[in-house]
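Below is one structure; the comments refer to it alone.
There are 2 protein chains.
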Amino acid sequence: MNETEKAPQIAILGTGLIGVAWAALFQHHGADVRVWDPVPDACAATVARMAAPLSQLAEVAPDAGPRGRLTLCETLAEAIIGADLIQENAPESISIKHALFADVEPLMAPHAVLASSTSALTWSDLGPGLKDPACLITAHPFNPPHLVPLVEIYGTDPARIARAEAIYRAADRVPVRLKKDATGHIANRLASALWREAVFMVQDGIADVEAIDAALVNGPGLRWSVLGAHMAYHLGGGTGGMAGYLDHLGPSQERRWADLGVPSLTQEVQAELVAGVTREAAGRGIADLEATRDKALIAALHARKDAPPV
Amino acid sequence: MNETEKAPQIAILGTGLIGVAWAALFQHHGADVRVWDPVPDACAATVARMAAPLSQLAEVAPDAGPRGRLTLCETLAEAIIGADLIQENAPESISIKHALFADVEPLMAPHAVLASSTSALTWSDLGPGLKDPACLITAHPFNPPHLVPLVEIYGTDPARIARAEAIYRAADRVPVRLKKDATGHIANRLASALWREAVFMVQDGIADVEAIDAALVNGPGLRWSVLGAHMAYHLGGGTGGMAGYLDHLGPSQERRWADLGVPSLTQEVQAELVAGVTREAAGRGIADLEATRDKALIAALHARKDAPPV
Numbered sequence: 001m002n003e004t005e006k007a008p009q010i011a012i013l014g015t016g017l018i019g020v021a022w023a024a025l026f027q028h029h030g031a032d033v034r035v036w037d038p039v040p041d042a043c044a045a046t047v048a049r050m051a052a053p054l055s056q057l058a059e060v061a062p063d064a065g066p067r068g069r070l071t072l073c074e075t076l077a078e079a080i081i082g083a084d085l086i087q088e089n090a091p092e093s094i095s096i097k098h099a100l101f102a103d104v105e106p107l108m109a110p111h112a113v114l115a116s117s118t119s120a121l122t123w124s125d126l127g128p129g130l131k132d133p134a135c136l137i138t139a140h141p142f143n144p145p146h147l148v149p150l151v152e153i154y155g156t157d158p159a160r161i162a163r164a165e166a167i168y169r170a171a172d173r174v175p176v177r178l179k180k181d182a183t184g185h186i187a188n189r190l191a192s193a194l195w196r197e198a199v200f201m202v203q204d205g206i207a208d209v210e211a212i213d214a215a216l217v218n219g220p221g222l223r224w225s226v227l228g229a230h231m232a233y234h235l236g237g238g239t240g241g242m243a244g245y246l247d248h249l250g251p252s253q254e255r256r257w258a259d260l261g262v263p264s265l266t267q268e269v270q271a272e273l274v275a276g277v278t279r280e281a282a283g284r285g286i287a288d289l290e291a292t293r294d295k296a297l298i299a300a301l302h303a304r305k306d307a308p309p310v
Numbered sequence: 001m002n003e004t005e006k007a008p009q010i011a012i013l014g015t016g017l018i019g020v021a022w023a024a025l026f027q028h029h030g031a032d033v034r035v036w037d038p039v040p041d042a043c044a045a046t047v048a049r050m051a052a053p054l055s056q057l058a059e060v061a062p063d064a065g066p067r068g069r070l071t072l073c074e075t076l077a078e079a080i081i082g083a084d085l086i087q088e089n090a091p092e093s094i095s096i097k098h099a100l101f102a103d104v105e106p107l108m109a110p111h112a113v114l115a116s117s118t119s120a121l122t123w124s125d126l127g128p129g130l131k132d133p134a135c136l137i138t139a140h141p142f143n144p145p146h147l148v149p150l151v152e153i154y155g156t157d158p159a160r161i162a163r164a165e166a167i168y169r170a171a172d173r174v175p176v177r178l179k180k181d182a183t184g185h186i187a188n189r190l191a192s193a194l195w196r197e198a199v200f201m202v203q204d205g206i207a208d209v210e211a212i213d214a215a216l217v218n219g220p221g222l223r224w225s226v227l228g229a230h231m232a233y234h235l236g237g238g239t240g241g242m243a244g245y246l247d248h249l250g251p252s253q254e255r256r257w258a259d260l261g262v263p264s265l266t267q268e269v270q271a272e273l274v275a276g277v278t279r280e281a282a283g284r285g286i287a288d289l290e291a292t293r294d295k296a297l298i299a300a301l302h303a304r305k306d307a308p309p310v
């Protein structure tokens with residue numbers, strides 16, 4: 001933070017995995033964070049649960065400056081009053097979120113932004129929970145939120161979107177705007193589309209689970225960490241770029257789309273998916289796999305400081 | 001190379017972008033490389049065109065040991081006779097490849113592997129070009145082949161597949177096996193599935209081209225560089241892993257699949273794709289974009305040496 005600027009005031013509602021990651025991220029980047037959870041014990045455990053993400057953030061962004069203040073709030077009002085951004089991480093239920101919004105809205109400052117971390121729901125699902133839906137944006141992070149920079153944003157008030165984006169950018173995030181709201185936002189639509197074909201290849205016997213994952217991580221996944229999918233076809237078109245690609249290979253791409261599969265999660269397919277990831281995990285438990293993922297993500301984030309993506 | 005081992009003898013047929021990258025990769029990793037192209041000038045230009053990939057390989061793998069020998073061959077026979085692996089990079093035409101195979105097969109050593117770099121064709125398309133199709137494998141690299149580690153392999157002779165895999169591994173590649181041949185192998189099926197949804201989101205007005213690319217590169221793309229798609233759902237299932245994920249969220253994933261789009265490359269969509277990548281390129285030409293991609297790939301490859309993917 002610039003010393004002459006007031007630190008952003010952030011309320012974190014809900015201290016599940018996502019809420020804790022947001023709290024650590026904002027605090028590390030100098031914002032003042034007030035955390036609230038309807039379950040008092042959950043809130044009290046937050047400090048201990050923030051230790052691991054804070055330690056990772058110290059590796060990722062060692063020059064972020066002094067941490068902001070952390071306040072564990074006993075009441076919702078204590079968290080909301082005076083907050084610039086309220087990051088909501090309640091369970092993925094329309095009725096739970098609507099009930100929470102009814103309590104939040106009267107406490108919000110006029111300029112404040114209510115940002116929902118919702119993955120499964122849309123702005124159109126959540127807006128009816130508010131008297132003034134313009135104060136709401138969806139702001140979906142990608143797991144783990146303190147390491148993966150993406151925040152997908154949809155809202156109707158350009159001024160609030162711009163203020164929220166500035167706060168996310170100050171916390172080293174990359175906000176990306178949707179033009180209209182959509183189930184799965186952008187990233188989970190892409191992830192679902194890719195996984196559908198990955199499951200189809202398992203079902204159809206083209207390749208094993210672990211071979212598909214190895215192909216992704218050592219092929220397109222690696223390339224998509226530095227180059228977007230559209231831009232990849234621009235480069236695939238040679239000197240003609242995207243226009244050249246579409247002229248020469250557009251029809252074959254449409255034929256390839258028609259050849260993609262539509263799998264079904266039958267008991268047999270589910271059993272093969274479970275068996276496949278079990279082979280791939282090779283005895284490593286979830287916590288071990290997550291630690292490996294995070295270490296690799298941190299190294300990848302360091303790599304892009306000197307050599308940014310296209 | 002271990003000094004007591006004989007260097008692999010590699011024939012590279014065709015000196016387009018892919019052939020040149022293969023030649024540089026194998027030579028850098030100590031193999032003896034014989035290059036042949038039906039156009040004599042193309043072969044003569046190969047040394048100059050190998051300079052850039054060789055320089056990048058020196059950054060990626062500085063400890064690879066002494067380079068192998070490079071021989072520019074005037075005849076096909078000079079390249080093939082004595083080769084352990086013949087990497088074919090002819091144009092993507094069944095008739096051209098069949099005609100080439102007819103010349104190659106009589107010159108091959110009994111143990112040799114004919115490996116086709118084909119992207120668009122399958123083993124089943126190419127096998128009929130040979131008296132003994134068992135000597136053929138498809139071995140598809142992912143562009144740029146000297147930087148992206150993936151080689152996707154299909155063939156019918158387990159001994160030849162194993163020998164080819166050993167040669168690719170010695171050149172720091174990650175070979176991945178298909179269980180049956182499929183158009184697009186694994187990686188391009190995944191890339192097509194993802195791009196179909198990316199184009200749909202442009203067509204449907206959900207997000208701009210450059211927003212979708214930014215979401216991918218800063219979200220799922222980054223994560224897929226360290227964690228496979230199947231394994232991501234294993235971790236997304238909490239302590240229950242993939243089985244827990246499928247129990248709780250399998251049905252919602254199937255609904256999400258049904259909600260994905262089927263775009264059409266109309267003139268209007270094509271125009272928007274071209275306009276979008278033009279905005280995203282922000283004045284950078286193809287060569288500049290490729291240089292940025294390669295620099296970022298090299299940094300990402302360094303990052304995974306200390307912190308390998310899951």
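Here the protein sequences line up with chains A and B, keeping their order. Okay, so the first sequence: first residue is 1 according to the UniProt record's numbering, each after it adds one. Okay, so the second sequence: first residue is 1 according to the UniProt record's numbering, each after it adds one. From the three backbone atoms N, C-alpha and C, an ideal C-beta is built for every residue, glycine too. Note that the structure is a prediction, hence the values are computed from the model and not measured.
By the criterion of Cβ-Cβ separation under 7 Å, what are the contact partners of residue i in chain A?
i        : result
B:Glu197 : Arg189, Leu190 and Ala193
B:Lys259 : A small fix is needed here, since residue 259 of chain B is Asp in this sequence, not Lys. In chain order: Thr183.
B:Gln203 : Neighbours of B:Gln203 on chain A: none; closest Cβ ~12 Å, over 7 Å.
B:Asp213 : Gly228, Ala229, His230 and Met231
Determine whether the Cβ of residue i lies closer than 8 Å to any Cβ atom of chain B.
i        : result
A:Phe26  : no
A:His234 : yes
A:Arg49  : no
A:Asn2   : Interpretation of A:Asn2 is limited by its pLDDT of 49, a score under 50 that renders its predicted location unreliable; no figure is taken from the coordinates.
A:Ala243 : yes
A:Pro40  : no
A:Thr156 : no
A:Leu57  : no
A:Gly250 : yes
If we cut at 8 Å on Cβ distances, does residue i have a partner in chain A?
i        : result
B:Pro309 : yes
B:Glu165 : no
B:Ile80  : no
B:Gln270 : yes
B:Thr15  : no
B:Ile6   : The question names Ile, yet the displayed sequence has Lys at residue 6 of chain B. For B:Lys6, the answer is no, since every Cβ of chain A falls outside 8 Å of its Cβ.
B:Gln253 : yes
B:Arg223 : yes
B:Ala45  : no
B:Ile161 : no
Which residues in chain A sit within 8 Å of residue i, going by Cβ to Cβ distance?
i        : result
B:Lys97  : Per Cβ cutoff of 8 Å: no residues; B:Lys97 is ~17 Å from chain A at best.
B:His302 : Ala303
B:Lys295 : Ala307
B:Val274 : Gly241, Met242, Ala243 and Leu246
Which bits of chain B does residue i rub up against, with CB to CB less than 7 Å?
i        : result
A:Glu152 : Ala215
A:Thr292 : Val310
Please list the partners that residue i has in chain B, where partner means a Cβ-to-Cβ separation under 9 Å.
i        : result
A:Ser93  : By Cβ distance, chain B contributes nothing, its closest Cβ being about 13 Å from A:Ser93, past 9 Å.
A:Asp208 : Arg177 and Lys179
Taking 8 Å as the CB-CB limit, is residue i close to chain D?
i        : result
B:Asn218 : No chain D is part of this structure, whose protein chains are labelled A and B.
For residue i, return the contacting residues in chain B, with the cut-off set at a CB-CB distance below 8 Å.
i        : result
A:Ile286 : His234, Leu235, Gly238, Thr239 and Gly241
Query raised in the report: Which runs of the alpha helix (DSSP H) fall wholly inside the segment 40 to 128 of chain B and span at least 4 residues, in chain order?
Result: Runs of the alpha helix (DSSP H) inside the segment 40 to 128 of chain B: 40 to 44, 46 to 60, 76 to 80, 94 to 104 and 123 to 126.
Report task. Below 7 Å between beta carbons is the criterion; list the residues of the segment 168 to 181 of chain B that meet it against any residue of chain A, in chain order. Result -> So the close ones are Val174, Val176, Arg177, Leu178, Lys179 and Lys180.
Query raised in the report: Is the segment 89 to 109 of chain A touching the segment 175 to 188 of chain A, taking contact as three or more C-beta pairs under 8 Å?
Result: Output reads no: the segment 175 to 188 of chain A does not touch the segment 89 to 109 of chain A.
Query - the segment 262 to 276 of chain A contacting the segment 28 to 47 of chain B, beta-carbon criterion three pairs below 8 Å - result: The segment 262 to 276 of chain A, when compared against the segment 28 to 47 of chain B, does not touch it at the 8 Å Cβ threshold.
Query raised in the report: For the segment 207 to 220 of chain B against the segment 184 to 192 of chain B, are there 3 or more C-beta pairs whose distance is under 8 Å?
Result: With a cut-off of 8 Å, the segment 184 to 192 of chain B and the segment 207 to 220 of chain B do not count as touching, because too few Cβ pairs lie within range.
Query - Completely contained alpha helix (DSSP H) runs for the segment 131 to 207 of chain A, where each covers 4 or more residues - result: Secondary structure in the segment 131 to 207 of chain A: the alpha helix (DSSP H) runs of 4 residues or longer, each lying completely within the stretch, are 158 to 170 and 187 to 203 in chain order.
Query raised in the report: Is it true that the segment 280 to 288 of chain A meets the segment 268 to 285 of chain B, where meeting means three or more beta-carbon pairs spaced less than 8 Å apart?
Result: With the cut-off at 8 Å, the segment 280 to 288 of chain A and the segment 268 to 285 of chain B do not touch.
Query raised in the report: Do the segment 298 to 307 of chain A and the segment 5 to 19 of chain B make contact, defined as three or more Cβ pairs closer than 8 Å?
Result: The segment 5 to 19 of chain B and the segment 298 to 307 of chain A do not touch, with fewer than three beta-carbon pairs separated by less than 8 Å.
Query raised in the report: Counting Cβ pairs, one atom from each stretch, are 3 or more of them under 8 Å apart for the segment 40 to 47 of chain A and the segment 77 to 85 of chain A?
Result: They do not touch, by the three-pair rule.
Query - 4-residue-minimum alpha helix (DSSP H) runs that sit fully inside the segment 232 to 261 of chain B, ordered along the chain - result: Counting only runs that start and end inside the segment 232 to 261 of chain B, the alpha helix (DSSP H) elements of at least 4 residues fall at 241 to 259.
**Report entry** chain A contacts made by the segment 119 to 150 of chain B, where a contact means CB separation under 8 Å
**Finding:** Cβ contacts with chain A come from Ala120, Phe142, Asn143, Val148, Pro149 and Leu150.
Query raised in the report: With contact counted as at least three CB pairs below 8 Å, one residue from each stretch, are the segment 104 to 118 of chain A and the segment 158 to 169 of chain A in contact?
Result: The segment 104 to 118 of chain A vs the segment 158 to 169 of chain A: in contact.
Query raised in the report: Between the segment 166 to 174 of chain B and the segment 192 to 202 of chain A, do at least 3 Cβ pairs fall closer than 8 Å?
Result: Under the three-pair Cβ rule at 8 Å, the segment 166 to 174 of chain B does not count as touching the segment 192 to 202 of chain A.
Query raised in the report: Does the segment 126 to 134 of chain A come within contact of the segment 101 to 108 of chain A, defined as at least 3 CB pairs closer than 8 Å?
Result: At 8 Å Cβ cutoff, the stretches touch.
Query - Touch test, the segment 244 to 252 of chain B against the segment 232 to 250 of chain A, Cβ-Cβ under 8 Å, three pairs minimum - result: Touching, no, given that fewer than three Cβ pairs across the two stretches are closer than 8 Å.
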